[in-house]
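4 protein chains.
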Amino acid sequence: MTLRVTVWNEARHEKKNPEVQKLYPNGMHTVIADALKAQGFEVGTATLDEPEHGLTEEVLANTDVLTWWGHLAHGDVEDAIVERVHKRVLEGMGLIVLHSAHFSKIFKKLMGTSCDLKWREANDNERIWVVDPSHPIAEGLGECIEIEKEEMYGEHFDIPAPDTLVFVSWFKGGEIFRSGCCYQRGRGKIFYFRPGHETYPTYYNPEVQRVIGNAVKWAGLPAGTKLTYGNRKPIEKLD
Amino acid sequence: MTLRVTVWNEARHEKKNPEVQKLYPNGMHTVIADALKAQGFEVGTATLDEPEHGLTEEVLANTDVLTWWGHLAHGDVEDAIVERVHKRVLEGMGLIVLHSAHFSKIFKKLMGTSCDLKWREANDNERIWVVDPSHPIAEGLGECIEIEKEEMYGEHFDIPAPDTLVFVSWFKGGEIFRSGCCYQRGRGKIFYFRPGHETYPTYYNPEVQRVIGNAVKWAGLPAGTKLTYGNRKPIEKLD
Amino acid sequence: MTLRVTVWNEARHEKKNPEVQKLYPNGMHTVIADALKAQGFEVGTATLDEPEHGLTEEVLANTDVLTWWGHLAHGDVEDAIVERVHKRVLEGMGLIVLHSAHFSKIFKKLMGTSCDLKWREANDNERIWVVDPSHPIAEGLGECIEIEKEEMYGEHFDIPAPDTLVFVSWFKGGEIFRSGCCYQRGRGKIFYFRPGHETYPTYYNPEVQRVIGNAVKWAGLPAGTKLTYGNRKPIEKLD
Amino acid sequence: MTLRVTVWNEARHEKKNPEVQKLYPNGMHTVIADALKAQGFEVGTATLDEPEHGLTEEVLANTDVLTWWGHLAHGDVEDAIVERVHKRVLEGMGLIVLHSAHFSKIFKKLMGTSCDLKWREANDNERIWVVDPSHPIAEGLGECIEIEKEEMYGEHFDIPAPDTLVFVSWFKGGEIFRSGCCYQRGRGKIFYFRPGHETYPTYYNPEVQRVIGNAVKWAGLPAGTKLTYGNRKPIEKLD
Chain A
0 MTLRVTVWNE ARHEKKNPEV QKLYPNGMHT VIADALKAQG FEVGTATLDE
50 PEHGLTEEVL ANTDVLTWWG HLAHGDVEDA IVERVHKRVL EGMGLIVLHS
100 AHFSKIFKKL MGTSCDLKWR EANDNERIWV VDPSHPIAEG LGECIEIEKE
150 EMYGEHFDIP APDTLVFVSW FKGGEIFRSG CCYQRGRGKI FYFRPGHETY
200 PTYYNPEVQR VIGNAVKWAG LPAGTKLTYG NRKPIEKLD
Chain B
0 MTLRVTVWNE ARHEKKNPEV QKLYPNGMHT VIADALKAQG FEVGTATLDE
50 PEHGLTEEVL ANTDVLTWWG HLAHGDVEDA IVERVHKRVL EGMGLIVLHS
100 AHFSKIFKKL MGTSCDLKWR EANDNERIWV VDPSHPIAEG LGECIEIEKE
150 EMYGEHFDIP APDTLVFVSW FKGGEIFRSG CCYQRGRGKI FYFRPGHETY
200 PTYYNPEVQR VIGNAVKWAG LPAGTKLTYG NRKPIEKLD
Chain C
0 MTLRVTVWNE ARHEKKNPEV QKLYPNGMHT VIADALKAQG FEVGTATLDE
50 PEHGLTEEVL ANTDVLTWWG HLAHGDVEDA IVERVHKRVL EGMGLIVLHS
100 AHFSKIFKKL MGTSCDLKWR EANDNERIWV VDPSHPIAEG LGECIEIEKE
150 EMYGEHFDIP APDTLVFVSW FKGGEIFRSG CCYQRGRGKI FYFRPGHETY
200 PTYYNPEVQR VIGNAVKWAG LPAGTKLTYG NRKPIEKLD
Chain D
0 MTLRVTVWNE ARHEKKNPEV QKLYPNGMHT VIADALKAQG FEVGTATLDE
50 PEHGLTEEVL ANTDVLTWWG HLAHGDVEDA IVERVHKRVL EGMGLIVLHS
100 AHFSKIFKKL MGTSCDLKWR EANDNERIWV VDPSHPIAEG LGECIEIEKE
150 EMYGEHFDIP APDTLVFVSW FKGGEIFRSG CCYQRGRGKI FYFRPGHETY
200 PTYYNPEVQR VIGNAVKWAG LPAGTKLTYG NRKPIEKLD
């Protein structure tokens with residue numbers, strides 16, 4: 000079964016910042032979407048300034064995995080849409096949270112922590128090391144991914160300890176960061192992936208694209224049956 | 000250093016329900032508080048109907064570990080107080096969440112999930128089995144705690160997988176439940192402990208009292224230093 | 000790509016015990032193998048009394064996932080073969096450990112603990128509850144699997160806390176047990192699954208068969224690239 | 000109650016290598032032992048070349064927490080002594096595994112993996128970042144520990160995912176490493192702590208000493224009661 004992905008983007012930097020426009024003339028979402036299409040997924044896009052941010056009930060009902068990039072305008076995302084996405088994640092939709100979306104409403108709501116971190120825009124080199132080579136998100140990678148220039152994110156990253164930690168980043172300036180973090184919440188699977196500052200061509204990097212594709216496959220894995228909650232009659236004994 | 004505990008109680012059942020009044024004439028909080036005092040902690044209490052629910056900035060600043068029981072009136076807890084408690088947990092205050100407080104605003108906010116479950120009021124027997132005997136919260140216990148009559152809680156319990164699972168309950172009616180769950184969030188430690196329905200004398204049980212006392216010691220363990228977040232200057236190199 | 004499974008069985012009870020012979024006239028391995036073939040896997044079998052226990056270098060090199068059942072004769076498994084299987088697991092072969100194989104040499108070696116537990120042969124009812132409904136091993140199941148009669152296994156089960164706990168069993172006699180446990184070791188994935196006493200028809204149960212098939216799919220998921228260890232030259236700087 | 004610590008050292012480098020002799024004239028164990036005495040613990044030492052490696056039944060029976068440093072001569076540690084230590088850890092003795100003891104028999108036996116890693120002796124700078132600031136092993140530290148010169152250890156480190164990951168190291172040469180790893184096995188607690196190459200004065204570093212002391216306190220925390228295993232009579236029903 001072909002997994003259906005919706006690539007969500009705030010898509011504001013691309014309208015305001017010539018440097019970002021040049022890198023991503025049609026928005027970061029189109030680059031990510033094209034990379035996922037090339038890996039065989041069925042892909043749509045949605046952006047902040049569309050009605051309901053492009054995330055109608057119908058769109059979400061037909062999404063197996065949602066990817067999320069935001070930065071400038073987390074506050075502009077309506078709470079009702081955040082609730083809708085949250086509900087779908089607990090029902091089983093996968094969610095891939097990219098870079099500065101660590102501060103998105105949906106990620107903070109799912110984590111329960113501040114999701115704060117340290118950062119520096121100074122063209123640091125980044126090496127993303129695989130610490131869990133058994134994980135399908137690491138499939139096909141070498142021992143680390145080299146990224147020539149990226150924004151630095153440093154610890155302490157105020158998240159729950161990941162259910163599975165797949166990557167840890169090294170930055171030339173002296174910091175490390177838990178940069179590939181898996182979580183299971185309700186019937187849904189969530190993956191946070193660190194790289195992707197808007198002023199760098201990170202989403203054109205084939206290994207970064209591969210990780211996002213691997214994460215779609217993992218987050219889209221089928222899960223258990225529909226759950227029931229609430230008051231429950233005594234269970235009849237077997238014998 | 001003597002740990003300072005605040006025992007918080009919704010304290011509404013005790014005012015309305017004669018059965019609960021008879022069991023807990025001065026409120027469940029006084030029974031829990033007395034049990035903790037007897038274990039050498041410095042203990043105060045706070046209840047929903049006090050101003051600021053008894054949880055002023057000053058009270059929280061002087062609390063190492065907060066215990067929380069609520070059931071009927073989760074919705075009456077003001078969001079501003081929930082924010083205040085949340086902030087203190089991330090700063091390092093311990094939090095012990097009791098029984099029906101699985102549905103409290105503060106627990107749901109910290110977990111990021113629905114925290115829903117199955118339940119049945121039918122005088123089930125409960126056996127609380129120790130699955131992590133290395134954990135200090137299990138100190139001094141036998142292999143399981145027997146509780147003659149309790150409300151049943153059953154899986155699926157919609158929580159993040161605990162950072163450490165200490166207890167799993169067996170119920171005569173056919174269910175199991177992850178009933179002792181540790182979480183670390185920010186600098187704070189959180190323990191969810193299942194038993195404690197208001198119509199049973201559970202908080203008089205010496206082993207239940209011991210678990211709450213052990214959990215206070217664990218949640219009150221000192222943690223790392225104060226954290227800093229945000230923009231960061233390049234780190235000078237060592238050589 | 001079709002996953003290649005080798006179903007390993009001690010296959011001694013089947014030769015000695017008329018009750019087991021009647022249930023599993025061609026050995027438990029053939030019942031498990033047939034169930035996996037029906038789910039689309041490529042399946043071979045191997046047993047203790049074959050040369051090299053049927054687990055030659057060639058067989059293992061062509062096995063994506065190995066299932067293991069043993070009970071009476073753990074001590075008869077040669078250490079050299081255990082080393083061979085261990086090496087293959089760390090390289091990436093999946094391993095599914097069934098029932099009394101909790102005491103097999105390979106499982107104890109991978110866990111590092113005694114793997115001891117409590118047990119009782121008394122026709123207990125077992126209910127295997129799903130506690131992680133997001134997990135692909137739970138796919139297609141209801142909220143619990145009912146098994147009419149099984150041997151009881153009780154906690155404390157002396158294993159490392161699972162990387163992911165998928166199932167917890169309830170037994171009528173009063174015990175609970177962590178009965179579906181995932182581990183990631185090196186590049187390999189390991190799943191322990193509790194039910195399967197030789198005197199019950201457990202491996203004919205379609206839900207038990209489904210769990211084993213789901214576990215094969217999970218343990219056979221592709222992983223990261225080949226790893227290197229040892230002395231390492233200074234890494235040339237990027238700039 | 001004062002915790003009783005035994006500091007174990009291979010103590011061979013100190014006899015052969017003038018550089019190490021100069022740094023640690025009475026052996027690394029005396030420096031570690033003195034640092035722990037100064038923190039209020041009751042401390043003894045034991046070394047490889049003593050009878051039974053200094054780890055008699057009596058010594059272990061009176062040890063709450065054992066620290067272990069080895070490098071050259073892992074193979075000279077007798078298997079019977081390894082079994083004895085393993086048994087005591089599962090019974091509840093804490094174990095702190097230092098630096099090159101990642102390859103010790105006892106650590107490999109407890110982990111079940113190869114425990115292999117990358118390494119380089121090239122005077123790398125190391126920064127040991129706190130990733131779990133809620134953990135008592137991080138108590139009193141700043142956000143990272145700076146070590147001017149150390150041997151590099153790099154990922155992939157072939158260990159089970161830690162039950163709790165407390166520290167991650169950054170190395171100037173381009174690597175990261177999970178350098179503070181907690182495990183719970185049976186009733187025992189285990190902490191692996193990376194720094195401590197014999198040709199550097201690492202064990203004189205007050206922050207390194209503090210971490211080892213904090214780890215002793217954590218690994219020495221009281222645990223659950225003595226466990227029973229094996230055949231079990233039907234449990235009489237409560238009602």
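Top to bottom, those sequences are chains A, B, C and D. Residue numbering for the first sequence follows numbering that gives the first Met the number 0, starting at 0 and increasing by one per position. Residue numbering for the second sequence follows numbering that gives the first Met the number 0, starting at 0 and increasing by one per position. Residue numbering for the third sequence follows numbering that gives the first Met the number 0, starting at 0 and increasing by one per position. Residue numbering for the fourth sequence follows numbering that gives the first Met the number 0, starting at 0 and increasing by one per position. Here a beta-carbon is modelled for each residue, glycine too, at the ideal position from N, C-alpha and C. These numbers come from a predicted model, not from an experiment.
{"Query": "For V165 of chain D and H155 of chain A, believed in contact at Cβ under 8 Å, the rounded distance", "Result": "That belief does not hold up - the Cβ atoms of H155 of chain A and V165 of chain D are roughly 12 Å apart, past 8 Å."}
{"Query": "Inter-residue Cα distance where the pair is C180 of chain A and G185 of chain D", "Result": "28 Å"}
{"Query": "Contacts of M110 of chain A in chain B (Cβ-Cβ under 8 Å)", "Result": "G111"}
{"Query": "Beta-carbon proximity check, G219 of chain D vs P132 of chain B, cutoff 7 Å", "Result": "no"}
{"Query": "C-beta contact flag for V58 of chain D and G93 of chain D at 7 Å", "Result": "no"}
{"Query": "Interface flag, I211 of chain D vs chain A, CB-CB below 7 Å", "Result": "no"}
{"Query": "Bridge partner(s) assigned by DSSP for M151 of chain C", "Result": "C:R119"}
{"Query": "Contact set for K117 of chain D: own chain, Cβ-Cβ below 6 Å, skip 5 residues either direction", "Result": "G153"}
{"Query": "Cβ distance (whole Å) where M27 of chain A is taken to contact E13 of chain A below 8 Å", "Result": "7 Å"}
{"Query": "C-alpha gap between L226 of chain A and G69 of chain A, whole angstroms", "Result": "31 Å"}
{"Query": "Cβ-based burial, K232 of chain C [other Cβ within 10 Å; buried from 16]", "Result": "exposed"}
{"Query": "7 Å Cβ cutoff met for E138 of chain C and N213 of chain C", "Result": "yes"}
{"Query": "C-beta neighbour in chain B for D162 of chain A, strict 7 Å", "Result": "yes"}
{"Query": "Contact set between A137 of chain A and chain C, taken where Cβ atoms lie within less than 7 Å", "Result": "A222 and G223"}
{"Query": "Pairwise C-alpha distance: S178 of chain D and E51 of chain A", "Result": "45 Å"}
{"Query": "Under 7 Å between C-beta atoms of D78 of chain A and T112 of chain A", "Result": "no"}
{"Query": "CB contact below 7 Å: D75 of chain B versus chain A", "Result": "no"}
{"Query": "Close beta carbons around P200 of chain B, own chain, < 8 Å, minus the five adjacent residues each side", "Result": "L22"}
{"Query": "Beta carbon proximity, P132 of chain A to chain D, threshold 7 Å", "Result": "yes"}
{"Query": "is_contact[Y152 of chain A, chain B] using C-beta, thresh 7 Å", "Result": "no"}
{"Query": "Cβ shell of N122 of chain A (< 7 Å), same chain only, five flanking positions each side left out", "Result": "K148"}
{"Query": "Exposure of E9 of chain A, with buried meaning 16 or more beta-carbon neighbours within 10 Å", "Result": "buried"}
{"Query": "Limits of the unbroken beta strand (DSSP E) element including I105 of chain A", "Result": "Where I105 of chain A is concerned, there is no enclosing beta strand (DSSP E), although the alpha helix (DSSP H) it sits in stretches over K104 to M110."}
{"Query": "Test: K232 of chain D CB closer than 7 Å to a CB of chain G", "Result": "The structure shown contains no chain G; its protein chains are A, B, C and D."}
{"Query": "Residues of its chain near L109 of chain A, where Cβ-Cβ distance is below 8 Å and the 5 sequence neighbours each way are ignored", "Result": "H85, V88, L94, Y182, R184 and I189"}
{"Query": "Distance CB(P194 of chain B)-CB(I136 of chain B) smaller than 7 Å", "Result": "no"}
{"Query": "Proximal residues of chain C, C-beta to C-beta of R243 of chain B below 8 Å", "Result": "Outside the shown range of chain B, which is 0 to 238, sits residue 243 of chain B, and nothing can be said about it."}
{"Query": "C-beta contact flag for V210 of chain A and V167 of chain D at 7 Å", "Result": "no"}
{"Query": "Interface flag, L97 of chain A vs chain B, CB-CB below 7 Å", "Result": "no"}
{"Query": "Cutoff 7 Å: G155 of chain B Cβ touching any chain A Cβ", "Result": "In the sequence as presented, Gly is not what sits at residue 155 of chain B; that position holds His. Chain A contact via Cβ: present."}
{"Query": "Amino acids of chain A, ordered along the chain, whose beta-carbon sits closer than 8 Å to that of R186 of chain C", "Result": "P132 and S133"}
{"Query": "DSSP bridge partner residues for I144 of chain C (one or two, in chain order)", "Result": "C:I127"}
{"Query": "Per-residue contacts from G243 of chain B into chain A (C-beta, under 7 Å)", "Result": "A question about residue 243 of chain B goes unanswered here, because the residues of chain B that appear run from 0 up to 238."}
{"Query": "Chain B contact for G195 of chain D (CB, 7 Å cutoff)", "Result": "no"}
{"Query": "Beta-carbon contacts of C143 of chain A that lie in its chain and below 7 Å, excluding the five residues immediately before and after", "Result": "R126, I127, W128 and V129"}
{"Query": "Identified DSSP bridge partners for L65 of chain B", "Result": "B:T5 and B:L94"}
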